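The structure under discussion appears below in the form of structure tokens.
Residue numbers (the numbering used here): 22 to 173.
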């Protein structure tokens, strides 16, 4: 509200706050002390609430991290179990292959005399074939001589 002289009159709530330096140092009234206490108290209440909120959220975060780590370890444990099962299967397969290989080696050892006989027969057949070629060549020469003698 404007005063007739051009100066405005402010209500008690709208009065500008004076700085402590502008007040004389000897005047400490109770209102100034209460105002100072009121200004300090709400931030403390807010800080306490913010701290509670921070600790609550930190607790949720850490709980989440621990649960995630726990789940990672469970997954790793399951993977290790599956790997163990696969290695057991591979061990069984390798054992079967080993037994089959031993059986094959025994069979081969039992067939070895027969294989040697086959090699000997093959050598004898080759020798007999060579003899047959020689005999054939000799019979052709003999036939040629006989035909030569017949013509005379």
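Don't be surprised by glycine CBs; every beta carbon is placed ideally from N, CA and C.
Everything numeric in this text was worked out from a predicted model, so none of it was measured.
Looking at chain D, is there any beta carbon in it that lies within less than 7 angstroms of the beta carbon of residue i?
{"i": "residue 83", "result": "Looking for chain D here will not work: only one protein chain is present."}
Exposed or buried, which one is residue i when buried takes at least 16 other CB atoms within 10 Å?
{"i": "residue 44", "result": "Only weak support is given to the placement of residue 44: the predicted model assigns it a pLDDT of 49, under 50, and the question is left unresolved by the model."}
Subject >> Any beta strand (DSSP E) of 3 or more consecutive residues that is wholly inside the region 52–132 >> reply: Whole beta strand (DSSP E) segments, 3+ residues: zero.
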